[in-house]
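Remarks on the structure that follows.
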Amino acid sequence: MASWYSYPPEIRSMILDQVFQTGAACRNLGACAAVCREWQTYIEPKNFRRLVLNHSCVADFGRILHNRTWMVQHIWLRIELPRYRCTTCCLPETRKQKQTNNQIFTKALFQLLEILGSWEDDSTGRYGPVDNTGPVLELSVHSPSDMKHRNDVFALDKDVYPHKLDESCTSEEFDDYVERKLRKDFDRGQVCTAAVGNRTSIEHLRMFAEIQLDFEGLGYLEFPTVNYTKALIVRRQYYRSFNPGTVAEIARSFRRIGSLAFEPITRDPNPFSEGMFFSVYLFCIFLYFDMD
């Protein structure tokens with residue numbers, strides 16, 4: 432049997448392209464990168480290009496990325512809040528629940544920004560004051576129970592929504608995947624009965640609960656400073672809303688931001704209410720540029 436290196440570089444590259452596409456589909460790229468040094472060199476930059484982090488794995492993030500910081504282009508900090516029961520899905524969060532959720536988010540974001548700030552001093556990495564570059568940072572907050580109590584929140588599923596950005600995934604493939612996913616969950620009884628009916632304004636309060644910063648009891652009063660990020664993104668499709676002041680406070684942690692995308696959620700009957708979106712957007716931008 433011919434050895435791997437007996438094939439021409441062009442053939443090896445074609446094989447690796449196919450391996451990457453197959454491995455990405457089955458979520459097994461880590462094993463592929465362990466085959467040999469050439470496979471690792473090819474696959475790791477693609478594997479680490481977009482990362483999805485929960486608050487439970489942020490602490491290990493810096494250790495795993497040692498000498499690989501230059502590979503990271505997009506970080507989705509996907510905070511998972513505690514679950515809630517069907518008996519409480521139609522009730523707003525208690526004060527204690529709000530405090531717990533806010534502190535989970537604040538602590539995870541602090542840990543991540545602390546790691547990103549340390550990259551500037553890493554001589555083996557690409558990021559630093561000279562390069563003026565950095566990853567895109569995307570933020571979202573949800574409870575796993577949200578996906579059970581609404582039947583249209585596939586955007587919260589880390590294994591579904593990223594496909595919308597994959598170059599190798601067509602719109603038809605994405606739509607088919609989402610349809611199969613939602614139908615399977617519904618058939619298994621994993622969707623709350625409240626999800627199939629019209630929700631009152633009170634029932635929306637838990638799903639659209641506002642996230643704010645809460646440093647109380649965490650041992651610090653502000654976020655660490657990060658030199659640069661290409662973009663800070665808070666998307667509309669993640670139903671837990673961010674206070675504009677919270678977004679502005681997070682933006683203050685970066686000395687320079689390439690762009691800021693803040694898509695606030697509104698409870699206006701028209702979800703695309705231009706007046707509501709424009710006024711809140713201007714308020715956020717005003718706070719951001721009024722930092723000094």
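Under the working numbering, the residues of the sequence shown are numbered 432 to 723, in order.
Cβ atoms here follow ideal geometry from the backbone N, Cα and C, with glycine treated the same way.
So if DSSP puts residue i in a beta bridge, which residue, or which two residues, is it bridged to?
i: His-505; result: Arg-481 and Val-567
i: Glu-641; result: Ser-672
i: Ala-465; result: BP columns for Ala-465 are empty, so no partner.
i: Ile-688; result: Thr-660
i: His-573; result: Glu-511
i: Phe-693; result: Val-665
Determine the extent of the beta strand (DSSP E) in which residue i is found, giving its start and end residues.
i: Leu-543; result: Looking at the DSSP string, Leu-543 is not in any beta strand (DSSP E); the run it does join, the alpha helix (DSSP H), is 526–549.
i: Ala-433; result: Neither: Ala-433 is in no beta strand (DSSP E) and is coded neither H nor E.
Would you mind giving the Cβ-Cβ distance between residue i and residue j, rounded to the nearest angstrom? I have them listed as a contact below 8 Å.
i: Gly-461; j: Asn-478; result: 7 Å
i: Ser-571; j: Ile-510; result: 7 Å
i: Arg-480; j: Met-502; result: 6 Å
i: Asn-533; j: Asp-645; result: 4 Å
i: Tyr-670; j: Phe-639; result: 6 Å
i: Val-657; j: Phe-685; result: 5 Å
i: Ser-574; j: Pro-523; result: Going by Cβ atoms, the distance from Ser-574 to Pro-523 rounds to 13 Å, so no, they are not a contact pair.
i: Trp-435; j: Cys-467; result: 7 Å
i: Leu-568; j: Val-489; result: Wrong, their Cβ atoms sit about 12 Å apart, outside the cutoff.
i: Glu-475; j: Arg-499; result: 7 Å
i: Asn-674; j: Glu-653; result: Rounded, the Cβ-Cβ distance is 16 Å, inconsistent with contact.
Considering residue i, what are the terminal residues of the alpha helix (DSSP H) in which it resides?
i: Gly-648; result: Per DSSP, Gly-648 belongs to no alpha helix (DSSP H) and is neither H nor E.
i: Arg-494; result: 489–495
Is the number of C-beta pairs between the region 539–549 and the region 502–513 that are closer than 8 Å three or more?
Yes: the two stretches touch, three or more of their Cβ pairs being nearer than 8 Å.
For the structure I just gave you, are there three or more beta carbon pairs, one from the region 480–497 and one from the region 530–541, closer than 8 Å?
Touching, yes, given that three or more Cβ pairs across the two stretches are closer than 8 Å.
Quick check: the region 661–679 against the region 687–694, are at least 3 beta-carbon pairs closer than 8 Å?
Touching, yes, given that three or more Cβ pairs across the two stretches are closer than 8 Å.
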